[in-house]
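Participant: What follows is a single structure, and I will ask about it in a moment.
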């Protein structure tokens, strides 16, 4: 993309940034929470782009001035300084242009949200449940390294360890935009602890990463929610059997696409505090409805993409964990490394970085930048 055409794309960026800066201090806008949140997000995006734009214009101006000095001045020292300025500017321009091009690509509005993660053991019986537990530990350690908060909402343990299913929320900065790449089928090849003949088995677990819905993202008639309470089971001493802290909600939701009504059932036993469990169950309800209503949006993205980098397709086989060879392979980008032990210990950032680069390249190609 030529320098002039890139500058033309940046026209109006700074004026819009100033306009949004004024709007988010307007009491009428602040009173409209939905509009205020939307403008606040736009402000953050424009702030980055405005800073990069100003740096870009300054660099181009310095480059022009240095070229003028080089062409018109006779003083050897001034010409040498101008030459150094030109070399410095020309070395910085490519990286700054790439940064601006990426900032010009419309960001996925979901990326800034927190996430709800569901891990389910798939084919492979007990071994699949154990592997689902291993994936949960992997993500927990990764989230801890990022300083994100993890809260388990519900789980069903496997008979030999691990989880048949575990659901947890992750809170932090830009969580969904990073964890969304983990949605799909994860396959493991290893000798299960339950195997007596020493044979390598192939099992699988499914990971679904959903953007956590905020209160104003979906409309729920809370008066139509049916609540039940029950006594939690598991570790916890006397409180477990005596206090009905577990909550169960039922909600009839009409699918806006099919017109059909379906019952959504959610249980939450995460804490010993019933009001907190109700609050978290409501959060899950909003997220699940939000996910269903935005499936068309996700399908539209997938249909436009040439590669399956982060479409949210939970049926796609995305990664294989081969224990005999200590190998991790991500099939979407042909990424292979041999540090399986560290990977399962939460060191997954390099793989995610490669996925982000692949998706960014795809976005730039689509945007013809």
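Residue numbers (UniProt numbering): 1 to 369. By construction, the Cβ of each residue, glycine as well, lies at the ideal position given by its N, Cα and C atoms. Predicted model, so just to flag it, every value in this text is computed and none were measured.
Rounding to the nearest angstrom, what Cα-Cα distance links residue 125 and residue 95 in this structure?
Facilitator: 49 Å
Participant: If you draw a straight line from the alpha carbon of residue 363 to that of residue 356, how long is it in whole angstroms?
Facilitator: 10 Å
Participant: With DSSP run on the structure shown, which of helix, strand or coil describes residue 312?
Facilitator: Below a pLDDT of 50, predicted positions are generally treated as unreliable, and residue 312, at 48, falls in that range; the measurement from the model is reported next regardless. Three-state result, residue 312: coil.
Participant: If you reduce the DSSP assignment to three classes, tell me which class residue 306 lands in.
Facilitator: At residue 306 the pLDDT is 41, less than 50, meaning the model places this residue with poor confidence and gives no usable figure here.
Participant: Tell me which residues share the same chain as residue 24 and place their Cβ nearer than 8 Å to its Cβ, disregarding the 5 neighbours each side in the sequence.
Facilitator: 30, 36, 39, 40 and 43
Participant: Who pairs with residue 190 in a beta bridge, going by DSSP?
Facilitator: Residue 190 is bridged to 201.
Participant: For residue 319, I'd like the list of residues in its chain whose CB is within less than 6 Å of its CB, leaving aside the five on either flank, ordered along the chain.
Facilitator: 186 and 330
Participant: Nearest by alpha-carbon distance to residue 273: which of 325, 197 and 153 is it?
Facilitator: Ranked by how close their Cα comes to the Cα of residue 273, the residues 325, 197 and 153 have 153 in first place.
Participant: Return the CA-CA distance between residue 17 and residue 103, expressed in angstroms with no decimal places.
Facilitator: Rounded to whole angstroms, the gap between the alpha carbons of residue 17 and residue 103 is 14 Å.
Participant: For residue 110, which of 212, 159 and 89 has the nearest alpha-carbon?
Facilitator: It is 212.
Participant: Buried or exposed: which applies to residue 26, given that a residue is buried once 16 or more other Cβ atoms fall within 10 Å of its Cβ?
Facilitator: exposed
Participant: Just verifying my parser: in three-state terms, what is the DSSP assignment at residue 171?
Facilitator: strand
Participant: Might you give, ordered along the chain, the residues of its own chain that have their beta carbon closer than 7 Å to the beta carbon of residue 178, omitting 5 neighbours on each side?
Facilitator: 352
Participant: Using a Cβ-Cβ cut-off of 8 Å (strictly less than) and excluding sequence neighbours within five positions of residue 100, which residues of its own chain qualify?
Facilitator: 6, 10, 49, 52, 53 and 56
Participant: Out of 224, 112 and 252, which has the shortest C-alpha to C-alpha gap to residue 180?
Facilitator: 112
Participant: When the Cα of residue 158 is compared with those of 245, 143, 119 and 69, which residue comes out closest?
Facilitator: 119
Participant: In angstroms with no decimal places, state the Cα-to-Cα distance between residue 191 and residue 198.
Facilitator: The alpha-carbon of residue 191 is positioned some 6 Å away from that of residue 198.
Participant: To the nearest angstrom, report how far apart residue 244 and residue 285 are at their CA atoms.
Facilitator: Spanning the two alpha carbons is a distance of roughly 21 Å.
Participant: Please work out which residues of its chain come closer than 8 Å, Cβ to Cβ, to residue 86, disregarding the five sequence neighbours upstream and downstream, and give them in chain order.
Facilitator: 63, 66, 67 and 70
Participant: Taking its Cβ as the centre, do 16 or more other Cβ atoms sit within 10 Å of residue 46, making it buried, or is it exposed?
Facilitator: buried
Participant: With a 10 Å radius around its C-beta and 16 neighbouring C-beta atoms as the bar for buried, classify residue 166 as buried or exposed.
Facilitator: buried
Participant: Please confirm whether residue 340 and residue 287 have their CB atoms less than 8 Å apart.
Facilitator: no
Participant: Using only alpha-carbon positions, find the residue among 170, 277, 202 and 72 that is nearest to residue 228.
Facilitator: 277
Participant: So, with DSSP's three-state summary, where would you put residue 43?
Facilitator: helix
Participant: So, for residue 73: in the same chain, excluding its five sequence neighbours on each side, which residues have a beta-carbon less than 6 Å away from its beta-carbon?
Facilitator: 79
Participant: Report the three-state DSSP secondary structure of residue 35 (helix, strand or coil).
Facilitator: Look at residue 35 here: in three-state DSSP terms it is helix.
Participant: Do you know whose CA, among 323, 15, 202 and 317, lies nearest residue 333's CA?
Facilitator: 317
Participant: What did DSSP end up calling residue 10 once you bin it into helix, strand or coil?
Facilitator: Looking at residue 10 - three-state DSSP - the assignment turns out to be coil, as it is neither helix nor strand.
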